[in-house]
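Peer 1: In this note's numbering, each residue carries its 1-based index in the sequence shown increased by 40. Can you keep this structure in mind? I'll have questions shortly.
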Amino acid sequence: MAARDFDVVVGGGGMVGAAVAALLVTDPGARGLRVALVETDPATMPLPGDPAELRVSALSRASERLLRTVGAFDLLAVRPPCPYSRMRVWDAASEPDGAQALVFDAADLGEPNLGLITENRAIAAALLTVALRGGATLLRAPLTAFEPDADAVRVTVGDRGLQAGVVVAADGARSMLRGLAGIAVRVHPYPQRAVVARLLCERPHAGEARQRFLPDGPLALLPLSDGAVSLVWSTTPEHADELLAMDDGAFALAVTEASGHVLGELRAGSHRQAFPLSRDHAATYAGPRLALVGDAAHTVHPLAGQGVNLGFLDAATLVETLLAGRAGGEDVGDRAVLARYSRARRVDNLVVAAAMDGLSRLFGARNPAIGLARRTGLGLVGRSLTARRRLMQEALGLSRDLPARLSADAS
Ligand SMILES: Cc1cc2nc3c(=O)[nH]c(=O)nc-3n(C[C@H](O)[C@H](O)[C@H](O)COP(=O)(O)OP(=O)(O)OC[C@H]3O[C@@H](n4cnc5c(N)ncnc54)[C@H](O)[C@@H]3O)c2cc1C
Numbered sequence: 041m042a043a044r045d046f047d048v049v050v051g052g053g054g055m056v057g058a059a060v061a062a063l064l065v066t067d068p069g070a071r072g073l074r075v076a077l078v079e080t081d082p083a084t085m086p087l088p089g090d091p092a093e094l095r096v097s098a099l100s101r102a103s104e105r106l107l108r109t110v111g112a113f114d115l116l117a118v119r120p121p122c123p124y125s126r127m128r129v130w131d132a133a134s135e136p137d138g139a140q141a142l143v144f145d146a147a148d149l150g151e152p153n154l155g156l157i158t159e160n161r162a163i164a165a166a167l168l169t170v171a172l173r174g175g176a177t178l179l180r181a182p183l184t185a186f187e188p189d190a191d192a193v194r195v196t197v198g199d200r201g202l203q204a205g206v207v208v209a210a211d212g213a214r215s216m217l218r219g220l221a222g223i224a225v226r227v228h229p230y231p232q233r234a235v236v237a238r239l240l241c242e243r244p245h246a247g248e249a250r251q252r253f254l255p256d257g258p259l260a261l262l263p264l265s266d267g268a269v270s271l272v273w274s275t276t277p278e279h280a281d282e283l284l285a286m287d288d289g290a291f292a293l294a295v296t297e298a299s300g301h302v303l304g305e306l307r308a309g310s311h312r313q314a315f316p317l318s319r320d321h322a323a324t325y326a327g328p329r330l331a332l333v334g335d336a337a338h339t340v341h342p343l344a345g346q347g348v349n350l351g352f353l354d355a356a357t358l359v360e361t362l363l364a365g366r367a368g369g370e371d372v373g374d375r376a377v378l379a380r381y382s383r384a385r386r387v388d389n390l391v392v393a394a395a396m397d398g399l400s401r402l403f404g405a406r407n408p409a410i411g412l413a414r415r416t417g418l419g420l421v422g423r424s425l426t427a428r429r430r431l432m433q434e435a436l437g438l439s440r441d442l443p444a445r446l447s448a449d450a451s
């Protein structure tokens, strides 16, 4: 058997790959394991005064717990996460403060907040810092080849060939590793793109996330800790192009009107970007000496902000499964170990993807009868505390938690 350079090579150091490395190096059960993280463009922590980043994520309680467990949470102080304690949902034909709007309140659950909104770059940089401090090796080059055999897997990183026990594919939605392993993926593109921007608002956001369902897709305004809001507007590709081409004044006016003036007059506070949206799902998360995590395994519609939260649950479950196998004498790249991980996560992710799809269809429907049923439904749910709690727990990912050992560590 060729000597291994590393036990685990994580291919891709975005938020999810960095989480896998950070979990491994901070877990006493991984003592002695050699971990490498391969990333062409590693995130660096923003400095005070650096312009705010466009990409943000709404993190669930489980994701916050993961960041706290590994010691990454405190490193976010430069860009303090913005807690949101309420979420307001309404549709095109109703008013944000009308009877048919739905308001989720953390107080209904006895929770301090519903989640935290943080810049993606800061999250990835904090996890990367933890991974490197804990002894992971950063290989700053592209991973280009992957050849598994019975004893090990050979990977090519830049111009270097390495032997490892297992490769974790955390290389995003267009995962090259998934392709090299020949793992099939079901791709369901949405006829939408998400326009993302930062806006300054006339009225304070008061820690409330807001989402209006318009006929072409949802428009979300997420509160940020500096008082601005982050826009995620899912709309037709043609409309997205128009929004990108507008000058700042016309763009801010378009968002002010489409959001029903819920935060008064908005002003542009950044450049804009648009992202294609797709619901993709890999046929399996386990290949020969390969495990898929995060967007490499699945993508979901961003309407409930669950993508990276599901990725963090993959990371925690994978590490838990690898280390339980190791404690029982199994190799980290053992087929049976990786298959156990895949089984543990695939069904949960499928359920969430289907739920997001259903919500997207329900709220996107132009049929007037469906629109009426939807508004009536929203009103009914809004009046029932039990229904609101249930929906909050599902839609905001509050019902999903880390594997037991990790959630116990963080409490
Ligand atoms: C508009 C929008 C809004 C969203 N909002 C939310 C939200 O509020 N909450 C939420 O939970 N999710 C949200 N998501 C989803 C979330 O952004 C993704 O799920 C998350 O970024 C996936 O992280 P990842 O680490 O799996 O992949 P990525 O972020 O894609 O990272 C992959 C990394 O791999 C590296 N890489 C790729 N190939 C190679 C290679 N060959 N060699 C070396 N390195 C490589 C890349 O450089 C990159 O750093 C949103 C998505 C969109 C589009």
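Heads up, the beta-carbon is just placed ideally off N, CA and C, and yes, glycines get one too.
Which residue marks the beginning of the beta strand (DSSP E) containing His-228, and which one marks its end?
Peer 2: Here residue 228 refers to the residue found at position 188 of the sequence shown. Counting along the chain, the beta strand (DSSP E) containing His-228 begins and ends at 225-241.
Peer 1: Which value, in whole angstroms, describes the spacing of the CA atoms of Val-206 and Val-195?
Peer 2: As a working note, residue 206 is residue 166 in the sequence shown. As a working note, residue 195 is residue 155 in the sequence shown. Their Cα atoms are separated by approximately 10 angstroms.
Peer 1: Quick check on DSSP: helix, strand or coil for Asp-371?
Peer 2: By 1-based counting over the sequence shown, the position of residue 371 is 331. Three-state result, Asp-371: coil.
Peer 1: I'd like the list of long-range same chain contacts for Leu-306, defined as Cβ closer than 6 angstroms, with 5 residues on each side in sequence excluded.
Peer 2: Indexing the sequence shown from 1 puts residue 306 at position 266. Result list for Leu-306: Leu-239, Cys-241, Ala-292, Val-295, Thr-296, in chain order.
Peer 1: When you compare each of Pro-229, Thr-184, Leu-353, Arg-375 to Arg-319 by their alpha carbons, which one comes out closest?
Peer 2: Along the sequence shown, one-based indexing puts residue 319 at 279. Answer by Cα proximity: Pro-229.
Peer 1: For Arg-119, which three-state DSSP category applies?
Peer 2: Sequence index remark: in the sequence shown, residue 119 carries index 79 (1-based). Coil at Arg-119, not helix or strand.
Peer 1: Restricting to Cα atoms, I'd like to know which of Thr-339, Gln-251, Leu-167, Val-377 is closest to Met-392.
Peer 2: In the sequence shown, residue 392 corresponds to position 352, counting from 1. Before going on, a small fix: residue 392 reads as Val here, not Met. Cα-wise, what sits closest to Val-392 is Thr-339.
Peer 1: Here's the rule: buried if 16 or more other CB atoms are within 10 angstroms of the residue's CB, otherwise exposed. What is Thr-84?
Peer 2: For the purposes of this step, residue 84 is taken as residue 44 along the sequence shown, with counting starting at 1. Burial call: exposed.
Peer 1: DSSP on Gly-53, reduced to helix/strand/coil?
Peer 2: Position 13 of the sequence shown, counted from the start, is the residue given in the question as residue 53. Three-state result, Gly-53: coil.
Peer 1: Closest by CA to Val-359, which one among Val-65, His-301, Leu-350?
Peer 2: Start at 1 with the first residue of the sequence shown, and residue 359 comes out as number 319. When each option's Cα is compared against that of Val-359, the closest is Val-65.
Peer 1: Is DSSP giving Glu-248 helix, strand or coil here?
Peer 2: Here residue 248 corresponds to residue number 208 of the sequence shown, with the count starting at 1. In this structure, Glu-248 counts as strand in the three-state DSSP scheme.
Peer 1: Could you pull out every residue in the same chain whose Cβ sits closer than 6 angstroms to the Cβ of Leu-179, ignoring the five residues on either side in sequence?
Peer 2: Within the sequence shown, residue 179 is the residue found at index 139, counting from 1. Excluding residues within five positions, the ones whose Cβ falls inside 6 angstroms are Ala-76, Val-78, Val-197.
Peer 1: Using 7 angstroms as the cut-off, classify the Cβ of Ala-213 as near or not near the heavy atoms of ligand 1, replying yes or no.
Peer 2: Residue numbering aside, residue 213 sits at position 173 when the sequence shown is read from its first letter. Yes.
Peer 1: Per DSSP, what kind of secondary structure is Asp-388 in: helix, strand or coil?
Peer 2: Along the sequence shown, one-based indexing puts residue 388 at 348. Of the three classes helix, strand and coil, the one that applies to Asp-388 here is helix, per DSSP.
Peer 1: Give me the Cβ distance between Gly-155 and Ser-215, rounded to the nearest whole Å; I'm assuming they're in contact under 8 angstroms.
Peer 2: Counted from its first residue, the sequence shown places residue 155 at position 115. Counted from its first residue, the sequence shown places residue 215 at position 175. That pair is no contact at about 27 angstroms.
Peer 1: Would you say the beta carbon of Asp-397 comes nearer than 7 angstroms to a heavy atom of ligand 1?
Peer 2: On the sequence shown, residue 397 is found 357 positions in, with the first residue counted as 1. No - ligand 1 has no heavy atom lying nearer than 7 angstroms to the Cβ of Asp-397.
Peer 1: Return yes when the C-beta of Val-60 is under 7 angstroms from any heavy atom of ligand 1, and no when it is not.
Peer 2: Position 20 of the sequence shown holds residue 60. Incorrect: Val-60 has no Cβ contact closer than 7 angstroms to ligand 1.
Peer 1: Over what stretch of residues does the beta strand (DSSP E) that includes Thr-177 continue unbroken?
Peer 2: As a working mapping, residue 177 is identified with position 137 in the sequence shown. Element bounds for Thr-177: 177-179.
Peer 1: Helix, strand or coil, according to DSSP, for His-321 in the structure here?
Peer 2: If you number the sequence shown from 1, residue 321 lands on position 281. Of the three classes helix, strand and coil, the one that applies to His-321 here is strand, per DSSP.
Peer 1: Would you identify the three-state DSSP class for Glu-360, choosing helix, strand or coil?
Peer 2: In the sequence shown, counting from the first residue as 1, residue 360 sits at position 320. Here Glu-360 sits in helix by DSSP.
Peer 1: Between the beta-carbon of Glu-93 and the beta-carbon of Glu-159, is there less than 8 angstroms?
Peer 2: By 1-based counting over the sequence shown, the position of residue 93 is 53. By 1-based counting over the sequence shown, the position of residue 159 is 119. Yes. Within cutoff.
Peer 1: Using 8 angstroms as the threshold, is the region 113-133 in touch with the region 164-174, meaning 3 or more CB pairs across them?
Peer 2: The region 113-133 vs the region 164-174: in contact.
Peer 1: Measuring alpha carbon to alpha carbon, tell me which of Thr-324, Leu-362, Gln-232, Val-377 ends up nearest Arg-71.
Peer 2: As a working note, residue 71 is residue 31 in the sequence shown. The shortest Cα separation from Arg-71 among Thr-324, Leu-362, Gln-232, Val-377 belongs to Leu-362.
Peer 1: Measure the Cβ-Cβ separation of Gly-247 and Pro-258 and say whether it is below 8 angstroms.
Peer 2: As a first step, residue 247 must be located in the sequence shown, where it is residue number 207. As a first step, residue 258 must be located in the sequence shown, where it is residue number 218. Not a contact, by the Cβ cut-off of 8 angstroms.
Peer 1: Out of curiosity, what's the CA-to-CA distance linking Leu-142 and Ala-98?
Peer 2: Here the question's residue 142 lines up with position 102 in the sequence shown. Here the question's residue 98 lines up with position 58 in the sequence shown. Rounded to whole angstroms, Leu-142 to Ala-98 spans 19 angstroms at the Cα level.
Peer 1: Are the CB atoms of Ser-270 and Pro-120 within a distance shorter than 8 angstroms?
Peer 2: Within the sequence shown, numbered from 1, the residue matching residue 120 stands at position 80. Within the sequence shown, numbered from 1, the residue matching residue 270 stands at position 230. Not a contact, by the Cβ cut-off of 8 angstroms.
Peer 1: Would you list the one or two residues that DSSP bridges to Thr-196?
Peer 2: On the sequence shown, residue 196 is found 156 positions in, with the first residue counted as 1. In DSSP, Thr-196 forms a bridge with Ala-185, Gly-201.
Peer 1: Counting along the chain, where does the beta strand (DSSP E) carrying Gly-155 start and finish?
Peer 2: What you label residue 155 is simply residue 115 of the sequence shown in a count that begins at 1. Start and end: 155-159.
Peer 1: If you draw a straight line from the C-alpha of Val-193 to the C-alpha of Glu-187, how long is it?
Peer 2: For the purposes of this step, residue 193 is taken as the residue at position 153 of the sequence shown. For the purposes of this step, residue 187 is taken as the residue at position 147 of the sequence shown. Approximately 6 angstroms between the Cα atoms of the pair.
Peer 1: Can you determine whether any heavy atom of ligand 1 sits closer than 7 angstroms to the C-beta of Met-286, and answer yes or no?
Peer 2: Taking the sequence shown and counting its residues from 1, the one referred to as residue 286 is at position 246. Not so, every heavy atom of ligand 1 lies at least 7 angstroms from the Cβ.
Peer 1: Report the rounded CA-to-CA distance for Ala-181 versus Val-208, giving the unit in angstroms.
Peer 2: Position 141 of the sequence shown, counting from 1, holds the residue named residue 181. Position 168 of the sequence shown, counting from 1, holds the residue named residue 208. Approximately 16 angstroms between the Cα atoms of the pair.
Peer 1: Quick check: the region 348-358 against the region 268-283, are at least 3 beta-carbon pairs closer than 8 angstroms?
Peer 2: Counting Cβ pairs under 8 angstroms, fewer than three are found: no touch.
Peer 1: What's the C-alpha gap between Asp-317 and Gly-212?
Peer 2: Here residue 317 refers to the residue found at position 277 when the sequence shown is read from its first residue. Here residue 212 refers to the residue found at position 172 when the sequence shown is read from its first residue. Inspection of the sequence shows that residue 317 is occupied by Leu rather than by Asp. Cα to Cα, the separation comes out at about 13 angstroms.
Peer 1: Considering only the alpha carbon of each residue, which of Asn-389, Val-49, Glu-370 lies closest to Ala-453?
Peer 2: Residue 453 lies beyond the range of the chain shown here (41 to 451); nothing can be said about it.
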